[in-house]
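J.:
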Amino acid sequence: MSKPHVIVIGAGFTGVATAHDLALRGCAVTVVERGDLCHGTSGRTHGLLHSGGRYAVSDKESAIECIDENLILRRIVPQVIEPNGGLFIAIEEGDLAYAEQFIESCEECHIPLEELKPQEALKLEPNINPKVLTAFLIPDGTFDPLRLALAFAGTAKHNGARFRTFHEVQGFLTDGQGNVNGVKVLDRAANKVEELRAEVVVNATGAWAGEITGMAGLDAPVKPTPGIMVAYNQRFVQRAINRLNTPSDGDIVLPQRRMVVVGTTSFDAENVDYIPVTEEQTQLMLERGSALIPGIRNAKPRGIYMAARPLVGGGSGRSIARTFKCYDHKETHNLDGLVTITGGKATTLRAMAEKTTDIVCAKVGIDKPCVTKETPLLSYRQYYSSPN
Amino acid sequence: MNTTRNQPSARKFWSWFIPLRRDIGSWAFALNRITALGLTLYLFLHLGVLGLLAQGPGAYDDFLVLTENPFIKLGEWAVVAAAILHGLNGIRIVLTSFGVGVTRQKQLFYGFMLIAVFVILIFTARMY
Amino acid sequence: MSQPIISSSASGPRPGENTWIWLIKIVTGPLLVIVLILHFIVNHYLGSMSSGLMTYEDVVKYFQNPIIPAIEILFLITVVTHSLIGLRGILLDMNPSRTTLKIVTWLLALLGVSSVVYGIWLALTIASKGS
Amino acid sequence: MTEQWNITLRIYRQKENEAPHFDNFNMEVSPDEYVLDAVERAWAFHDRTLCFRHACHHSTCGACGMRVNGVEKLSCITLIRDIAHNGATLKVEPLRNFPVVSDLAVDMGFFYRKMESVGARAVLPVMEAEIGNPPAQWEAEASQYIRLSDCIECGLCISACPIMATTPEYLGPAPLAAAQDHGIQRKPELLSIVDGEDGVWRCHSAFECTAVCPSFVDPARRIMDLRKQVVGARLSKLFGKA
Chain A
535 MSKPHVIVIG AGFTGVATAH DLALRGCAVT VVERGDLCHG TSGRTHGLLH SGGRYAVSDK
595 ESAIECIDEN LILRRIVPQV IEPNGGLFIA IEEGDLAYAE QFIESCEECH IPLEELKPQE
655 ALKLEPNINP KVLTAFLIPD GTFDPLRLAL AFAGTAKHNG ARFRTFHEVQ GFLTDGQGNV
715 NGVKVLDRAA NKVEELRAEV VVNATGAWAG EITGMAGLDA PVKPTPGIMV AYNQRFVQRA
775 INRLNTPSDG DIVLPQRRMV VVGTTSFDAE NVDYIPVTEE QTQLMLERGS ALIPGIRNAK
835 PRGIYMAARP LVGGGSGRSI ARTFKCYDHK ETHNLDGLVT ITGGKATTLR AMAEKTTDIV
895 CAKVGIDKPC VTKETPLLSY RQYYSSPN
Chain B
39 MNTTRNQPSA RKFWSWFIPL RRDIGSWAFA LNRITALGLT LYLFLHLGVL GLLAQGPGAY
99 DDFLVLTENP FIKLGEWAVV AAAILHGLNG IRIVLTSFGV GVTRQKQLFY GFMLIAVFVI
159 LIFTARMY
Chain C
471 MSQPIISSSA SGPRPGENTW IWLIKIVTGP LLVIVLILHF IVNHYLGSMS SGLMTYEDVV
531 KYFQNPIIPA IEILFLITVV THSLIGLRGI LLDMNPSRTT LKIVTWLLAL LGVSSVVYGI
591 WLALTIASKG S
Chain D
-16 MTEQWNITLR IYRQKENEAP HFDNFNMEVS PDEYVLDAVE RAWAFHDRTL CFRHACHHST
44 CGACGMRVNG VEKLSCITLI RDIAHNGATL KVEPLRNFPV VSDLAVDMGF FYRKMESVGA
104 RAVLPVMEAE IGNPPAQWEA EASQYIRLSD CIECGLCISA CPIMATTPEY LGPAPLAAAQ
164 DHGIQRKPEL LSIVDGEDGV WRCHSAFECT AVCPSFVDPA RRIMDLRKQV VGARLSKLFG
224 KA
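Residue numbers (our numbering), protein chains in the order written: chain A, 535 to 922; chain B, 39 to 166; chain C, 471 to 601; chain D, -16 to 225.
(1) Would arginine 104/D and isoleucine 146/D be called neighbours here (beta carbons separated by less than 8 Å)?
(2) Could you name each continuous alpha helix (DSSP H) segment of 4 residues or more that falls completely within the region 868 to 909 of chain A, going from the start of the chain to the end?
(3) Cβ closer than 8 Å: which chain B residues qualify as neighbours of tyrosine 526/C?
(4) Span of the beta strand (DSSP E) holding alanine 624/A?
(5) Tell me where the beta strand (DSSP E) around alanine 562/A begins and ends.
(6) Taking leucine 62/D as the reference, which of Val89/D, Glu55/D and Leu19/D has the closest Cα?
(7) What does glycine 149/B touch in chain C if you count any residue whose Cβ is under 8 Å from its own?
(8) Using a beta-carbon distance below 8 Å, is proline 500/C in contact with chain D?
(9) Less than 8 Å separating the beta-carbons of leucine 720/A and glutamate 702/A?
(10) Which word fits methionine 471/C, buried or exposed, when buried means at least 16 other C-beta atoms lie within 10 angstroms of its C-beta?
(11) What is the rounded straight-line gap between the Cα of arginine 884/A and the Cα of glutamate 641/A?
(12) Which residues of the region 696 to 723 of chain A have a Cβ closer than 7 Å to any Cβ of chain D? Give them in chain order.
(13) Quick one, which of Cys904/A, Ala750/A, Ile893/A and Ser920/A has its alpha-carbon nearest aspartate 555/A's?
(14) If you run the structure through DSSP and keep just helix, strand and coil, what is serine 85/D?
(15) Pull the bridge partners of threonine 72/D from the DSSP assignment, please.
(16) Rounded to the nearest angstrom, what separates glycine 115/D and phenylalanine 686/A at their Cα positions?
(17) Check whether the Cβ atoms of alanine 743/A and alanine 754/A lie closer than 8 Å to each other.
(18) If you count every other CB in all the chains shown that lies within 10 Å of the CB of serine 919/A, and 16 or more means buried, which is it?
(19) Tell me arginine 539/A's beta-bridge partners as DSSP assigns them.
(20) Quick check on DSSP: helix, strand or coil for lysine 531/C?
(21) Check whether the Cβ of serine 584/C lies closer than 8 Å to any Cβ atom in chain B.
(22) If you draw a straight line from the alpha carbon of leucine 630/A to that of isoleucine 637/A, how long is it in whole angstroms?
(23) Among the residues of its own chain, which have a CB less than 6 Å from the CB of leucine 845/A, if the five just before and after it don't count?
(24) Does arginine 71/B have its Cβ less than 8 Å from a Cβ in chain C?
(25) Report the rounded CA-to-CA distance for cysteine 231/D versus glycine 128/B, giving the unit in angstroms.
(26) Could you spell out where the alpha helix (DSSP H) holding methionine 98/D opens and where it closes?
(27) Measuring only the C-alpha atoms, how far is leucine 512/A from glycine 878/A?
(28) In chain C, which residues lie less than 7 Å from threonine 78/B when you measure between Cβ atoms?
(29) Taking threonine 595/C as the query, report the chain B residues whose CB atoms sit under 9 Å from its CB, ordered along the chain.
(30) Verify whether the separation of the beta carbon atoms of leucine 139/D and leucine 87/D is less than 8 Å.
(31) Return the residues of the region 41 to 67 of chain D that lie within a Cβ-Cβ distance of less than 8 Å from chain B, sorted by chain order.
(32) For the structure I just gave you, are there three or more beta carbon pairs, one from the region -16 to -7 of chain D and one from the region 761 to 771 of chain A, closer than 8 Å?
(33) Name the DSSP bridge partner or partners of lysine 859/A?
(34) Using a Cβ-Cβ cut-off of 7 Å (strictly less than) and excluding sequence neighbours within five positions of isoleucine 601/A, which residues of its own chain qualify?
(35) How many whole angstroms separate the CB atoms of threonine 708/A and valine 714/A, which I take to be in contact at a CB cut-off of 8 Å?
(36) From leucine 650/A to leucine 582/A, what does the alpha carbon distance come to, in whole angstroms?
Given below as structure tokens:
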């Protein structure tokens, strides 16, 4: 029996991770992406390998998911990760009030935690705000966004997946009874329209999930919520610096190569294709960033960008975890052949792929278990070494 | 995917010759090559001409008369200038190749070019 | 791990250039500068003609001291070696095939050796003219 | 409202079956925006078939290398204010020496394979990233910038190098710089890769790579240092001390 053919729309983190898992479990995979890898939100993340600390108090379910995936990613793709750790620091009295529940929640979510006295924190990270009152060391990390995607994509390619970049989906092909069995794509590099058939189509387009399901006359419970990130041209810290308080705007500063990236805000936006950067938000990042690291005040911005997070709003559909939503349109809208996966965070890309692949395999009759937890990924440059 | 266009190819061998909008390093590189080609050509011309010495005084001294011709003189001036430029730039390459001043190769180039212009002026005065 | 592809030519690195060729070029360079200055002062400065060039007699007289032909021959060897290695480097940028490169290398070597032999013969004949 | 400029983006266009040509996009931009923002807006609002590569928008991924007015730039960190004025035209072309996929998108395959062939290190945790055996005399203040794990494989040096334009065989600045970061002592097998016609001896000191490198890697200095390492290795092999 030849391998079932699955088309994955979108080569962001979710798309490439799903392609990797599908290829491992014996599907013939074609990834269709209108740009190149990480053309959408995935490229423009600040690159935090979440320890879950940020969500421990407010959203234990996704916090547990983050810490589990954090440790798995460190094992399967170490070459794109700087496992330098992270600090939650309290600067004002108000922050200290948060400490109590922060410790409890982290223990509850089995996130390893170590409280440091101010001098210890300043010894580890001399550039943080000297008025630090207390600090918690947690297993945050940073990853290189594009290379994380390339590692998954390269391994998937090595296992037979094919990547069609610069192919923009224009519509679905149906089998007459309203079920999807392929996509109509515009090959932008050749200005030609093609038709690709498949048993199942996976819609892994993150913030654009609604746009794609709209082509099948359905809506998707995704609410694109952009946030700004500002990169400054000096590497002040080696670890991720979080503000010890309830999640708020500008509460994290991350080292990325020779820079630090200050994030982020969140607001609603309709047109997700291009979100202009606003002066006020840039200014807000400067203030909040320099509250954590005073040196940022006289550093120069080296890149200011917006990224549209695919937050899952209300709406129907079996939600595995409140963080991401993965559902078979057969169950929700009695439309076969289309599976949508959206929401979630970069760190949980492997888990999202596992759930999606479970659904797809059930539909095409493959009962192989997921092995991505233990399969180390190949070098990200493998994406450029294998031909297809 | 169109893979032929924009690719490296020997046809682009001349790309070093016109360093438009490139940095000073490329100009030094082009200058070094042009002067090198000129000097090599002169080297073998020079060897040929000196052959006249073997034929006795007549041939050689007659040729010397030619050196008064303004074009030949200009040619000789060009050879002198090329030798000075190539020599000084060559020293810059040797220094940077051994890591000396490699972070200040631009200043090195400007400095040497200043010396070169100065020496060439002396020779020009001497020759004309 | 992925199979590293060294360069698109399967035969591995191409031996067109190596340390020694470069070292000879780099050593002969500065040497040339010194010898060239000497050559200039002697040949184009002390000559009897108004422009400083040397007439036939000047050259023959100058060649009587045996050290002069030795210096001139040394100068010739250095300049020929340096210039032909450099020329080969430029030709290399035209990305020749292995066989073309081998032929070019041999031609240049031949040109170099014959120029040096010719130079030695010339220096000796000039020196003999004086006795 | 922030200051607004009217500029014309003159973008190189090429589809598989068509001859390359240039399209003009008249854009209203703020001078404090980056060239990549203008190109992305040209795609979003003017011409959806425009192909270009981008990902991180803050010079850590190396996807958005382009030639702007003939000079290699990382478009995500190139301020429009720095390279244009109100009413100016920005000529945007793909990087040289790479096969063009379409418009501004190029195939970086052969370059990544060369980086892989010298085992270039990707992202490095700070604790492990001791500065790859810097030669003694690098000044202290510059060395904090010089960390090869900053090489984001953007390909600008490959496009700028005049020698790279003549042959795809030449390793190129970034791979040679990566080999230098390892050092011949620590990885002797690199000697046979870099000591050859396509290695260090092909560099003719144009210093273009260092001029365009956006990450302070200074490949030219590293190639010169690699030369010393190769000469040292060959000499010690000759005199048997290897």
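Where a beta carbon is used, it is the ideal one built from N, C-alpha and C, also for glycine.
Computed from a prediction, not measured in an experiment: that's the story for all the values here.
T.: Reading from the atomic positions:
(1) no
(2) 883 to 898
(3) Leu91, Gly94, Pro95, Tyr98 and Asp99
(4) 620 to 624
(5) 562 to 566
(6) Leu19/D
(7) Within 8 Å Cβ-Cβ: nothing; glycine 149/B doesn't reach chain C, min ~16 Å.
(8) no
(9) yes
(10) Summary for methionine 471/C: the model assigns pLDDT 30, below 50, so the residue's position carries little reliability; its value from the coordinates is reported in the next sentence. The residue is exposed, with fewer than 16 neighbouring Cβ atoms inside 10 Å.
(11) 24 Å
(12) Phe700, Arg722 and Ala723
(13) Cys904/A
(14) strand
(15) Thr(-9)/D
(16) Any answer about glycine 115/D is weak, because its pLDDT of 42 lies below 50 and its placement is not dependable; what the coordinates show is given next. Straight-line Cα distance between these residues: approximately 28 Å.
(17) yes
(18) buried
(19) It is worth fixing the name first, because residue 539/A is histidine in this sequence and not arginine. Histidine 539/A is bridged to Ala562/A.
(20) helix
(21) no
(22) 11 Å
(23) Lys757 and Thr759
(24) yes
(25) Coverage of chain D is limited to positions -16 through 225, which leaves residue 231/D absent and any answer about it impossible.
(26) 92 to 100
(27) What is shown of chain A runs 535 to 922, which leaves residue 512/A out entirely.
(28) Ser553 and Leu557
(29) Leu91 and Ala92
(30) no
(31) Asn52, Gly53 and Val54
(32) no
(33) Thr876/A
(34) Ser585, Gly586, Cys643, His644 and Ile645
(35) 6 Å
(36) 21 Å
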